[in-house]
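S.K.:
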Amino acid sequence: MTTRLAALLATAFLFGGAPSAGAAPSPSDLEAELVCPTCKTTLDQSDAPVARRMKQIIRERLAAGATEAEIKAELVDQFGSRVLAEPPKSGFDLLAWVVPLGLAAIGAVGVGALAWGWSRRPEAEPSPPLDPLLERRVDEALDRFDG
Amino acid sequence: MQRVGQTIALGGVAALLGLLVWKVAFDRDGGVAAELGRGKTVQAPSFTLERLDREGQLSIADLRGKAVVVNFWASWCLPCREEAPVLQQTYERYRDDGLVVLGVDYNDFRQDARRFMERFALTYPVVFDGKGSTAGKWGLRGVPETFFVNRSGTIVGEPIYGPVDSERNRDAYERGIALALGDAP
Numbered sequence: 000m001t002t003r004l005a006a007l008l009a010t011a012f013l014f015g016g017a018p019s020a021g022a023a024p025s026p027s028d029l030e031a032e033l034v035c036p037t038c039k040t041t042l043d044q045s046d047a048p049v050a051r052r053m054k055q056i057i058r059e060r061l062a063a064g065a066t067e068a069e070i071k072a073e074l075v076d077q078f079g080s081r082v083l084a085e086p087p088k089s090g091f092d093l094l095a096w097v098v099p100l101g102l103a104a105i106g107a108v109g110v111g112a113l114a115w116g117w118s119r120r121p122e123a124e125p126s127p128p129l130d131p132l133l134e135r136r137v138d139e140a141l142d143r144f145d146g
Numbered sequence: 000m001q002r003v004g005q006t007i008a009l010g011g012v013a014a015l016l017g018l019l020v021w022k023v024a025f026d027r028d029g030g031v032a033a034e035l036g037r038g039k040t041v042q043a044p045s046f047t048l049e050r051l052d053r054e055g056q057l058s059i060a061d062l063r064g065k066a067v068v069v070n071f072w073a074s075w076c077l078p079c080r081e082e083a084p085v086l087q088q089t090y091e092r093y094r095d096d097g098l099v100v101l102g103v104d105y106n107d108f109r110q111d112a113r114r115f116m117e118r119f120a121l122t123y124p125v126v127f128d129g130k131g132s133t134a135g136k137w138g139l140r141g142v143p144e145t146f147f148v149n150r151s152g153t154i155v156g157e158p159i160y161g162p163v164d165s166e167r168n169r170d171a172y173e174r175g176i177a178l179a180l181g182d183a184p
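Chains as they are written, first to last, in numbering that gives the first Met the number 0: chain A, 0 to 146; chain B, 0 to 184.
1. Pull up the DSSP beta-bridge partners for N168/B, would you.
2. Please state whether DSSP places S58/B in a helix, a strand or coil.
3. Using a beta-carbon distance below 9 Å, is A83/B in contact with chain A?
4. Given that a residue counts as buried once 16 or more other Cβ atoms are within 10 Å of its Cβ, and exposed if not, what is D104/B?
5. When we look at the beta-carbon of L18/B and count the other beta-carbons within 10 Å, is it buried (16 or more) or exposed?
6. Just to confirm, are A66/B and V31/B a CB contact at a threshold of 9 Å?
7. Please compile the residues from chain B whose C-beta is within a distance smaller than 7 Å of the C-beta of P36/A.
8. Contact defined as beta carbons within less than 8 Å: I believe T145/B pairs with P124/B. What is the distance between those atoms, to the nearest angstrom?
9. Please confirm if R109/B has its CB atom under 9 Å from at least one CB of chain A.
10. Does DSSP put R50/B in a helix, a strand or coil?
11. In this structure, what does DSSP give as the bridge partners for W72/B?
12. Give the interface partners of Q55/A over in chain B, defined as CB-CB distance under 8 Å, in chain order.
13. By Cβ distance, which residues of its chain are closer than 7 Å to N149/B, with the 5 residues on each side in sequence left out?
14. Suppose you measure from the CA of C35/A to the CA of L77/B; what does that come to, to the nearest Å?
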């Protein structure tokens with residue numbers, strides 16, 4: 000059951016964007032998912048000349064009936080995958096997704112193992128009773144302090 | 000168990016120190032422009048890029064033996080329009096002396112670049128660096144930027160930031176050409 004759930008989650012993660020890839024997106028959807036190559040911000044945040052030209056191309060392609068995937072593929076062909084706000088979930092770029100998740104998983108397992116180890120440590124020995132003479136002197140000192 | 004943990008931690012620290020030493024000693028952040036700024040003699044970084052003026056690819060190694068004016072530009076860049084006729088004139092004037100102007104179109108659309116070349120009647124070779132890999136090696140700060148490479152592939156003169164042959168860099172431009180051709184000491 001756990002294995003099937005993990006496989007389902009992994010599939011949803013890897014192909015999360017796929018259902019919308021063929022649908023007609025709005026220009027602003029695409030502008031939020033693409034990065035200006037000169038200023039490194041998403042197109043919707045950029046007014047650089049190349050960003051303005053990219054926005055114009057996006058509108059032209061959408062008007063001509065191109066899909067989100069086709070437009071992204073054209074822009075990646077021109078500028079490389081650095082124009083994608085999220086790295087592709089395939090090939091070498093997949094590492095950008097897998098490595099942080101893998102490290103987080105290793106960290107979680109490590110913390111869990113430490114917590115388990117600590118929970119199984121024997122209780123600390125109870126401290127020996129205080130010497131009656133010392134206890135009386137402490138009480139007297141406290142009485143003087145309160146008085 | 001504790002010893003294994005200590006060994007792993009020490010290994011991690013040693014690896015990070017190694018990375019730091021490598022970064023300080025060998026890192027070329029800032030590309031050739033930064034090295035030129037430190038007064039070093041620098042070979043032109045090699046590249047092989049798709050041509051925009053015709054089919055095929057062009058490598059800067061193919062131009063060894065010629066003086067090369069390497070000009071980074073983009074069609075959306077206004078100062079690039081200003082300098083395009085000057086670069087074309089330079090190419091026509093010095094071509095028979097063995098000088099090539101090489102345009103490197105950067106962060107641009109191919110169709111826009113070709114339209115630009117047509118508009119300014121550019122006949123010198125132009126390559127496409129859409130992905131910016133070559134611009135990174137050269138330490139490009141923006142466009143336009145121009146470098147001068149002599150016949151043996153060494154960068155000479157001062158890089159020109161901004162349009163060439165303007166009031167403030169005319170001397171540097173002419174000196175760069177002369178150095179690339181081997182006509183200046």
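Just so you know, even glycine gets a beta-carbon here, dropped at the ideal spot from N, CA and C. Here the structure is a predicted model, which means the values were calculated and not measured.
M.R.: On the basis of the coordinates in this document:
1. N168/B is not bridged to any residue.
2. strand
3. no
4. buried
5. By the 10 Å Cβ count, L18/B comes out exposed.
6. No; because the gap between Cβ atoms is not below 9 Å, this pair is not in contact.
7. N106 and G131
8. At roughly 15 Å, the Cβ-Cβ gap does not stay under 8 Å, so T145/B and P124/B are not in contact.
9. So yes, R109/B belongs to the interface.
10. In the structure shown, R50/B sits in a strand (DSSP, three-state: E or B).
11. BP columns for W72/B point to D104/B.
12. What Q55/A touches in chain B: nothing, since even the nearest Cβ is about 10 Å away.
13. Cβ-Cβ distances below 7 Å link N149/B to A66, V155, L178, A179 and G181 in the same chain, with the five nearest sequence neighbours on each side left out; the list follows chain order.
14. 18 Å
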